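Participant: Add 78 to the 1-based position in the sequence shown for our numbering, that's all there is to it.
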Amino acid sequence: MKIDADIENTKQSGDLRDLLKELRAIMRADGGDMQQHLQAIVALISEHLRAEVCSLYQIDDSDGSFVLKATKGLRMEAVGRTRLRPGEGLVGTVAESRQPLALENAQADERFAFRPETGEEIYQSFLGVPLVRVQTLHGVLVLQHRQRRNYTEEEIEDCETIAQFLSEMLNRGPVEAIAQPDADLDGSHWISAVALSPGLAIGNVVLYLKDILIHRWQAADSGPELVRLEDALQNLQSKLELLLLLPDTVADPEKLEILQTDLMLVRDKGWRQKIVDAIGQGLTVEAAVQSVRENLKERMQAISNAYIRERLQDIDELSYRLLAELTNQNPSSLNDGLPPSSILVCRSLGLPELLHLDRENLAGLVVTDATSSSHLAIIARSLKIPALGQAPEALAKLQDGDRIVVDAINGQLIIRPSDSVVAEFETHIVARQKRDSQARSLSGMPCRSRDGIVMRLLANAGLLLDLDEIVPLETDGIGLYRTEMAFLIRDHFPSVKEQAQLYRRIYDRMGDKPVVFRTLDIGSDKELPYFDDHRNEANPALGWRAIRIALDQPDLLRDQLRALLTAAEGRALQVMFPMITEVEEFEAARALLFDLLKDHQDQGGLAPTRLEAGVMIEVPALLWDLDRLLGRVDFASVGTNDLFQFLTAADRNNARTNDRFDVLKPGNLRMLSMIAETASRLDTPVSVCGEMCGSPLGLLALVGCGFRAFSMSAVHIAHIKAVIGSLDVGIVEERIQALSCLQVGSVRKEIEILAQDLGVEIL
Ligand code: PEP
Ligand code: MG
79 MKIDADIENT
89 KQSGDLRDLL
99 KELRAIMRAD
109 GGDMQQHLQA
119 IVALISEHLR
129 AEVCSLYQID
139 DSDGSFVLKA
149 TKGLRMEAVG
159 RTRLRPGEGL
169 VGTVAESRQP
179 LALENAQADE
189 RFAFRPETGE
199 EIYQSFLGVP
209 LVRVQTLHGV
219 LVLQHRQRRN
229 YTEEEIEDCE
239 TIAQFLSEML
249 NRGPVEAIAQ
259 PDADLDGSHW
269 ISAVALSPGL
279 AIGNVVLYLK
289 DILIHRWQAA
299 DSGPELVRLE
309 DALQNLQSKL
319 ELLLLLPDTV
329 ADPEKLEILQ
339 TDLMLVRDKG
349 WRQKIVDAIG
359 QGLTVEAAVQ
369 SVRENLKERM
379 QAISNAYIRE
389 RLQDIDELSY
399 RLLAELTNQN
409 PSSLNDGLPP
419 SSILVCRSLG
429 LPELLHLDRE
439 NLAGLVVTDA
449 TSSSHLAIIA
459 RSLKIPALGQ
469 APEALAKLQD
479 GDRIVVDAIN
489 GQLIIRPSDS
499 VVAEFETHIV
509 ARQKRDSQAR
519 SLSGMPCRSR
529 DGIVMRLLAN
539 AGLLLDLDEI
549 VPLETDGIGL
559 YRTEMAFLIR
569 DHFPSVKEQA
579 QLYRRIYDRM
589 GDKPVVFRTL
599 DIGSDKELPY
609 FDDHRNEANP
619 ALGWRAIRIA
629 LDQPDLLRDQ
639 LRALLTAAEG
649 RALQVMFPMI
659 TEVEEFEAAR
669 ALLFDLLKDH
679 QDQGGLAPTR
689 LEAGVMIEVP
699 ALLWDLDRLL
709 GRVDFASVGT
719 NDLFQFLTAA
729 DRNNARTNDR
739 FDVLKPGNLR
749 MLSMIAETAS
759 RLDTPVSVCG
769 EMCGSPLGLL
779 ALVGCGFRAF
789 SMSAVHIAHI
799 KAVIGSLDVG
809 IVEERIQALS
819 CLQVGSVRKE
829 IEILAQDLGV
839 EIL
């Protein structure tokens with residue numbers, strides 16, 4: 079091996095294989111306690127890698143710090159004493175980032191935290207890698223050298239393989255580790271999580287972990303392992319191809335699209351190559367698949383781009399199926415149904431699985447890896463399943479059959495709640511059901527405030543599936559159809575014909591209700607896997623996306639507009655352009671639309687009964703050109719999700735920045751009032767289609783700023799309609815306008831008081 083720069087620099091995977099074999103022998107050796115094993119392990123790694131220091135830091139679950147557990151090279155008196163918190167020193171940095179850290183001159187690094195008891199002052203270079211298993215951080219493995227040296231990519235990768243192997247060995251295999259949760263299993267626990275789909279549920283845990291116990295980690299000869307890999311991939315591919323031919327699949331475009339995406343991933347060369355490389359390092363094919371799977375999961379943690387995370391999650395799902403194939407096990411399946419009142423708890427869930435769950439018995443969902451902007455969350459909302467995400471520690475604290483409360487209103491998970499807590503939540507569930515049925519009984523009735531002001535209540539949609547929910551609500555139509563969703567779940571650009579078919583189906587389902595079709599809003603967190611040109615941008619949210627792509631590559635936009643014109647024959651067509659930054663972009667896009675209308679008619683096509691071009695107001699630059707913009711467009715819709723993302727320079731997909739700044743600030747109210755006032759003065763219809771209008775407090779603020787049309791996820795519509803019904807708009811306007819003049823940071827509290835005064839239920 080070649081961790082020492084003075085040693086020959088060629089990669090010798092045989093050495094790594096030998097090392098793994100010896101490590102395993104140590105772990106299996108009878109006699110000796112764990113401490114002795116750990117000492118033997120670090121000594122062996124240091125010898126094989128010719129590192130003067132090899133140390134193992136392990137997490138102390140009581141306070142989350144990292145304790146020096148074993149070392150070869152540092153002073154033994156530091157063992158058990160030296161401790162670093164996450165983020166503290168270089169070890170803490172590796173722990174916090176969960177990424178390898180290689181430094182030529184460690185002591186010159188400002189993050190270096192000197193611990194005199196270790197005697198490490200004589201070592202200059204540092205390589206630390208995290209020990210992670212099933213997304214839980216167990217420790218950090220560190221190598222140090224006296225001489226300054228650069229660690230090569232290969233060396234870092236080898237160290238990662240060793241760390242992966244150690245994590246598995248120290249945890250005694252995947253299934254056992256999960257079956258031994260680290261929590262006190264009798265007590266009640268509270269875990270903070272992110273609400274993916276709103277609602278409350280009480281039920282019993284059904285763990286769906288999709289782990290396969292791997293018995294053999296090393297292979298003496300990689301040849302047969304490579305053959306097994308090819309066979310397993312081929313089998314998996316054939317199974318997917320068969321599924322694609324089933325009449326059930328053919329009749330269901332969404333199912334078809336999902337399976338096509340799976341098939342594309344099975345053929346993914348990059349993924350396959352990573353497995354082949356891991357086999358080349360001496361692992362069995364199962365161990366290689368698992369190792370690549372764990373590395374991908376680590377990357378998922380670090381990536382904020384929701385779309386890429388989704389794709390990595392799909393690969394995780396496929397890795398599991400490949401492991402099942404390799405070990406001749408049936409992948410765990412949810413096909414057999416669920417016991418009544420089940421709360422399904424898993425790390426990830428494929429969209430086909432979600433779509434085919436036994437919904438009768440499913441009370442709620444906890445998907446620890448999912449984010450609120452994922453497709454999974456969008457579909458859970460469509461299916462009205464209360465769901466929580468981003469609660470990784472839930473897996474360690476839960477057992478099958480545990481009673482839990484999913485509070486996807488406040489973003490919390492309550493494990494083994496006391497009877498009084500259950501009773502409290504039951505009361506809330508009953509109250510919500512009552513409120514929803516009252517609100518539902520308003521379906522079809524006009525949306526009118528108590529003082530008689532009529533508002534437009536529209537739905538946001540992106541999948542045909544959404545229409546099942548929207549149609550019975552009898553909304554005023556669809557205020558935002560996110561056309562990019564259909565592109566995201568395919569593996570190729572849909573043809574003009576395919577698109578026209580889809581848009582026609584949407585029109586048909588909505589009858590005579592208006593539909594606003596937003597043109598492709600791709601880029602940033604919505605990258606198309608088959609469109610390389612917009613990938614790998616350093617700053618994708620501010621990059622080449624949406625209308626910018628459409629104007630630079632007009633063929634894409636042309637195809638979409640042609641399809642819309644074809645589908646709209648004899649009906650009204652409203653086209654909305656996303657991410658407009660300056661009026662000229664809108665004008666160029668509208669010119670293209672009208673040119674295409676002319677072509678369409680020249681070729682004998684029927685014109686829509688009415689053709690309107692509108693904009694999303696979501697880039698702050700437009701706020702200083704509102705008169706010019708709103709004087710030219712046929713309609714506008716305020717995309718508060720992006721507008722606030724850009725106003726606050728805070729990534730909406732990043733859990734650390736997403737809710738960092740309160741939107742209910744006087745300055746924001748003045749800004750929103752300015753948009754509503756300008757639109758009204760110029761007689762331009764304006765609506766709001768961001769998430770803000772789905773929350774009662776956000777809605778109050780918007781009504782008070784002068785808005786009268788709102789488009790939101792179907793799940794919020796019934797409640798918001800009831801909220802509007804309880805409003806006296808005159809009072810709301812007066813109070814919100816007064817709040818917008820206050821010289822304070824946030825007026826959330828004041829808007830809560832206003833809601834209370836009006837008897838508006840906030841939850
Ligand atoms: C918005 O930005 O507010 C919006 C509605 O569009 P999207 O969430 O699709 O970016
Ligand atoms: Mg947007």
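Ideal placement from N, C-alpha and C gives every residue a C-beta, glycine not left out.
None of these values were measured; they are calculated from a predicted model.
Identify, in the order they occur along the chain, each residue of the same chain with its Cβ nearer than 6 Å to the Cβ of Leu285, setting aside the five sequence neighbours on each side.
Facilitator: For the purposes of this step, residue 285 is taken as the residue at position 207 of the sequence shown. Here the set comprises Val423 and Asp478.
Participant: Mind pulling the beta strand (DSSP E) runs of 3 or more residues that sit fully within the stretch 707-739?
Facilitator: 713-716
Participant: If you measure from the CB of Cys771, is any heavy atom of ligand 1 nearer than 6 Å?
Facilitator: By one-based count along the sequence shown, residue 771 stands at place 693. Outside the cutoff, so no.
Participant: Should Asp680 go down as buried or exposed, given a rule of 16 or more other Cβ atoms within 10 Å for buried?
Facilitator: Taking the first residue of the sequence shown as 1, we reach residue 680 at position 602. So Asp680 counts as exposed.
Participant: Among Trp268, Thr405 and Leu558, which has the Cα closest to the Cα of Val764?
Facilitator: Locating residue 764 in the sequence shown gives position 686, where the first residue counts as 1. For the residues Trp268, Thr405 and Leu558, the minimum Cα distance to Val764 belongs to Leu558.
Participant: Alpha carbon to alpha carbon, how far is Phe722 from Ala650?
Facilitator: For the purposes of this step, residue 722 is identified with residue 644 of the sequence shown, where counting begins at 1. For the purposes of this step, residue 650 is identified with residue 572 of the sequence shown, where counting begins at 1. Taking the straight line from one Cα to the other gives about 31 Å.
Participant: Where does His612 land, buried or exposed, given buried means 16+ other C-beta within 10 angstroms?
Facilitator: Translated into the one-based positions of the sequence shown, residue 612 becomes position 534. So His612 ends up on the buried side.
Participant: Any contact of the stretch 822-834 with the stretch 740-753, i.e. 3+ C-beta pairs under 8 Å?
Facilitator: yes
Participant: Skipping 5 residues on each side, what residues in its chain have a beta carbon closer than 8 Å to that of Val272?
Facilitator: Taking the sequence shown and counting its residues from 1, the one referred to as residue 272 is at position 194. Excluding sequence neighbours, Val272 sits near Thr449, Ser450, Leu466, Gly467, Gln468, Ala469, Gly489 and Ala733.
Participant: Under the assumption that Ala619 contacts Asp729 (Cβ atoms under 8 Å), give the Cβ distance between them as a whole number of angstroms.
Facilitator: In the sequence shown, counting from the first residue as 1, residue 619 sits at position 541. In the sequence shown, counting from the first residue as 1, residue 729 sits at position 651. Distance from Ala619 to Asp729 at the Cβ level is roughly 6 Å; contact confirmed, criterion being Cβ atoms closer than 8 Å.
Participant: Sort out for me which residues DSSP pairs His678 with in a bridge.
Facilitator: Translated into the one-based positions of the sequence shown, residue 678 becomes position 600. None, per the DSSP bridge assignment.
Participant: Which of helix, strand or coil does DSSP assign to Phe204?
Facilitator: In the sequence shown, residue 204 corresponds to position 126, counting from 1. Strand, per DSSP.
Participant: Ile353 and Val344 look like a contact to me (Cβ under 8 Å); what is the Cβ gap, rounded to whole Å?
Facilitator: To locate residue 353, count along the sequence shown from 1; it is residue 275. To locate residue 344, count along the sequence shown from 1; it is residue 266. In fact, because the Cβ distance is near 12 Å, the residues do not count as touching under 8 Å.
Participant: Quick one: what's got a C-beta closer than 6 Å to Thr405's C-beta in the same chain, skipping five residues either side?
Facilitator: Working through the sequence shown from its first residue, we reach residue 405 at position 327. Excluding sequence neighbours, Thr405 sits near Ile290.
Participant: Can Glu696 be considered in contact with ligand 2, in the sense that its beta carbon sits closer than 6 Å to one or more heavy atoms?
Facilitator: Locating residue 696 in the sequence shown gives position 618, where the first residue counts as 1. At least one heavy atom of ligand 2 is nearer than 6 Å to the Cβ of Glu696, so yes.
Participant: Is it the case that the Cβ atoms of Ala517 and Ala787 are separated by a distance below 7 Å?
Facilitator: Numbered from 1 along the sequence shown, position 439 holds the residue referred to as residue 517. Numbered from 1 along the sequence shown, position 709 holds the residue referred to as residue 787. The answer is no: Cβ separation not under 7 Å.
Participant: Does Tyr608 come out as helix, strand or coil in the three-state DSSP assignment?
Facilitator: Position 530 of the sequence shown, counting from 1, holds the residue named residue 608. Secondary structure of Tyr608 (DSSP, three-state): coil.
Participant: If I'm right that Glu839 touches Arg526 with Cβ under 8 Å, what's the distance once you round it to whole angstroms?
Facilitator: To locate residue 839, count along the sequence shown from 1; it is residue 761. To locate residue 526, count along the sequence shown from 1; it is residue 448. The Cβ separation is near 18 Å, so there is no contact.
Participant: Please indicate yes or no: does the CB of Asn617 lie closer than 6 Å to some heavy atom of ligand 1?
Facilitator: In the sequence shown, residue 617 corresponds to position 539, counting from 1. False, no ligand heavy atom lies under 6 Å from that Cβ.
Participant: Let's see if you can read the secondary structure: which residues bound the beta strand (DSSP E) around Tyr559?
Facilitator: Reading the sequence shown from its first residue, position 481 is the one you call residue 559. From DSSP, the beta strand (DSSP E) with Tyr559 extends over Ile556 to Arg560.
Participant: If you draw a straight line from the C-alpha of Ile695 to the C-alpha of Arg623, how long is it?
Facilitator: Mapped onto the sequence shown, residue 695 falls at position 617. Mapped onto the sequence shown, residue 623 falls at position 545. The straight-line gap from Cα to Cα measures roughly 15 Å.
Participant: Round the Cβ separation of Leu162 and Gly151 to the nearest angstrom and send it over; I've been treating them as touching at under 8 Å.
Facilitator: Mapped onto the sequence shown, residue 162 falls at position 84. Mapped onto the sequence shown, residue 151 falls at position 73. At roughly 17 Å, the Cβ-Cβ gap does not stay under 8 Å, so Leu162 and Gly151 are not in contact.
Participant: What would DSSP say about Met523, mapped onto helix, strand or coil?
Facilitator: Here residue 523 is taken as the residue at index 445 of the sequence shown, counted from 1. Reduced to three states, the DSSP call for Met523 is coil.
Participant: With the cut-off set at 7 Å, would you say His216 and Lys475 are in Cβ contact?
Facilitator: Locating residue 216 in the sequence shown gives position 138, counting from the first residue. Locating residue 475 in the sequence shown gives position 397, counting from the first residue. No, the pair does not count as a contact, with Cβ atoms beyond the cut-off.
Participant: Please enumerate, following chain order, all residues with a beta carbon closer than 6 Å to at least one heavy atom belonging to ligand 3.
Facilitator: Ligand 3 is not part of the structure shown, which contains ligand 1 and ligand 2 as its ligands.
Participant: Can at least three beta-carbon pairs, one atom from the stretch 778-794 and one from the stretch 494-504, be found at a separation below 8 Å?
Facilitator: no
Participant: Select from Glu238, Pro276 and Val207 the residue whose C-alpha is nearest the C-alpha of Leu491.
Facilitator: Numbered from 1 along the sequence shown, position 413 holds the residue referred to as residue 491. Measuring from the Cα of Leu491, the nearest candidate turns out to be Pro276.
Participant: Does DSSP put Thr362 in a helix, a strand or coil?
Facilitator: Taking the first residue of the sequence shown as position 1, residue 362 is located at position 284. In the structure shown, Thr362 sits in coil (DSSP, three-state: anything other than H, G, I, E or B).
Participant: Do Val593 and Ile600 have their CB atoms nearer than 7 Å?
Facilitator: In the sequence shown, residue 593 corresponds to position 515, counting from 1. In the sequence shown, residue 600 corresponds to position 522, counting from 1. No, the pair does not count as a contact, with Cβ atoms beyond the cut-off.
Participant: Between Leu820 and the rest of its own chain, which residues show a CB-CB distance below 6 Å, the 5 nearest in sequence each way excluded?
Facilitator: In the sequence shown, residue 820 corresponds to position 742, counting from 1. So the qualifying residues of the chain are Pro744.
Participant: Evaluate the contact criterion for the stretch 222-242 versus the stretch 192-205: three or more CB pairs, one atom per stretch, below 8 Å.
Facilitator: yes
Participant: Just to confirm the assignment, what range does the beta strand (DSSP E) spanning His570 have?
Facilitator: The count along the sequence shown starts at 1 and reaches residue 570 at position 492. Membership of His570 in any beta strand (DSSP E) is not indicated, and neither H nor E is assigned to it by DSSP.
Participant: Buried or exposed, going by whether 16 or more other CB atoms sit within 10 Å of the CB of Gly768?
Facilitator: Locating residue 768 in the sequence shown gives position 690, where the first residue counts as 1. When all chains shown are included, Gly768 counts as buried.
Participant: State whether the stretch 386-403 contacts the stretch 304-314, with contact taken as three or more CB pairs (one from each stretch) at a distance under 8 Å.
Facilitator: yes
Participant: Judging by CA-CA distance, which residue of Arg568, His570, Ala641 and Ile829 is the nearest neighbour of Thr597?
Facilitator: Within the sequence shown, numbered from 1, the residue matching residue 597 stands at position 519. Here the closest residue by C-alpha is Ala641.
Participant: Let me know the secondary structure DSSP gives Cys771 once reduced to three states.
Facilitator: Sequence index remark: in the sequence shown, residue 771 carries index 693 (1-based). DSSP places Cys771 within a helical segment (H, G or I) once states are collapsed to three.
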